[in-house]
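Take a look at the structure set out below.
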């Protein structure tokens, strides 16, 4: 809380502090946010300083105007003294069965090309058969029995890094993406912890970028082990408009062959496994 608020005896207001922080990170003025949320600038100012308490509806309007994730919307509601609005269910829960079936179908239909599902910390939750085949070829079957993290797989020296021919370019692209996602969720302590772990990996450079700068598309990944050479280009898909925290944070990573030779190799691997 600023000195002016202290001098007039205002109590600390966690919701106001959060709003001001998110607004500043998005380079929005109070006028900008008030306009987008359809409230008065005066009321927003009073909410930010703690002079006034916002209603649940106003907080949700402000959250929508700021483009907050469902996790951050819950945090804002709790800071304002209200209950969470959005659930956070496990993928095995009956409530998310339809979304789980859609993801399963998406992974199967992407065969014979690799696809994986990750959570907000880039932990690998699910892979299709093509991804399992390729990762087993590169990492060995024993490694596949332990948890995988998409970022660490490519960035750690003892995982996929030795098999990535263009590792410096891939590492730079992944770190830009990781930093962008970490900066977008400063209250997510688990994500921040994972981000700090990535920055401490050997030979990994922390990118310098503006918080408002979006990462570019993932560059081509060239994988080689012995006589096997495969180029992949990745695309990240998210669910449309989920009303569940877990579903919103899922990322489906779809990898396409970068050239005809890579496509032929992936098709051949699938035929051997049939």
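Numbering (the UniProt record's numbering), first residue to last: 1 to 274.
By construction, the Cβ of each residue, glycine as well, lies at the ideal position given by its N, Cα and C atoms.
Since the model is a prediction, treat every value here as computed from it, not as a measurement.
Measuring only the C-alpha atoms, how far is residue i from residue j?
i: residue 87; j: residue 233; result: 33 Å
i: residue 194; j: residue 245; result: 19 Å
i: residue 73; j: residue 146; result: 33 Å
i: residue 222; j: residue 109; result: 23 Å
i: residue 4; j: residue 190; result: Only weak support exists for where residue 4 lies, its pLDDT of 41 falling under 50; the coordinates are left without a value.
i: residue 79; j: residue 59; result: 10 Å
i: residue 268; j: residue 111; result: 12 Å
i: residue 256; j: residue 270; result: 14 Å
i: residue 23; j: residue 162; result: 42 Å
i: residue 150; j: residue 197; result: 13 Å
i: residue 29; j: residue 247; result: 31 Å
i: residue 39; j: residue 85; result: 21 Å
i: residue 46; j: residue 178; result: 35 Å
i: residue 54; j: residue 235; result: 39 Å
i: residue 242; j: residue 227; result: 43 Å
Taking residue i as the reference, which of the options has the closest Cα?
i: residue 260; options: 247, 236, 231, 44; result: 231
i: residue 237; options: 25, 14, 102; result: 102
i: residue 89; options: 83, 81, 99, 82; result: 99
i: residue 229; options: 141, 131, 248, 265; result: 265
i: residue 219; options: 242, 258, 207; result: 258
i: residue 106; options: 242, 128, 121; result: 128
i: residue 92; options: 77, 39, 125; result: 125
i: residue 175; options: 122, 188, 131, 29; result: 122
i: residue 56; options: 77, 95, 226; result: 77
i: residue 224; options: 262, 207, 239; result: 262
i: residue 21; options: 241, 235, 183, 104; result: 183
i: residue 207; options: 180, 242, 188; result: 180
I'd like the span of the alpha helix (DSSP H) that includes residue i, first residue to last.
i: residue 113; result: Careful: residue 113 lies outside any alpha helix (DSSP H) and carries neither H nor E.
i: residue 47; result: 41-49
i: residue 61; result: 56-66
i: residue 33; result: 30-37
i: residue 174; result: 167-183
Under DSSP, the beta strand (DSSP E) around residue i begins and ends at which residues?
i: residue 231; result: 228-237
i: residue 253; result: 251-257
i: residue 200; result: From DSSP, residue 200 is part of no beta strand (DSSP E); its letter is neither H nor E.
i: residue 124; result: 124-127
i: residue 221; result: 221-225
Heavy atom of the ligand COA less than 8 Å from the Cβ of residue i, yes or no?
i: residue 152; result: Absent from the structure shown: the ligand COA. Ligands present: none.
Do residue j and residue i come within 9 Å of each other at the CB atom, strictly closer than that value?
i: residue 173; j: residue 205; result: no
i: residue 33; j: residue 75; result: no
i: residue 81; j: residue 48; result: no
i: residue 67; j: residue 26; result: yes
i: residue 19; j: residue 70; result: no
i: residue 130; j: residue 113; result: yes
i: residue 52; j: residue 41; result: no
Quick one: is residue i near chain C, going by C-beta distance under 9 Å?
i: residue 73; result: Reference to chain C is not applicable here, since this structure consists of a single protein chain.
Stretch pair the region 165-176 + the region 125-137: three plus CB contacts closer than 8 Å: Taking 8 Å as the limit for Cβ pairs, the verdict is that the region 125-137 does not touch the region 165-176.
Stretch pair the region 251-263 + the region 117-133: three plus CB contacts closer than 8 Å: Result yes; three or more Cβ-Cβ pairs closer than 8 Å.
Validate contact between the region 186-203 and the region 151-160 using beta carbons, cut 8 Å, 3 pairs: Touching, yes.
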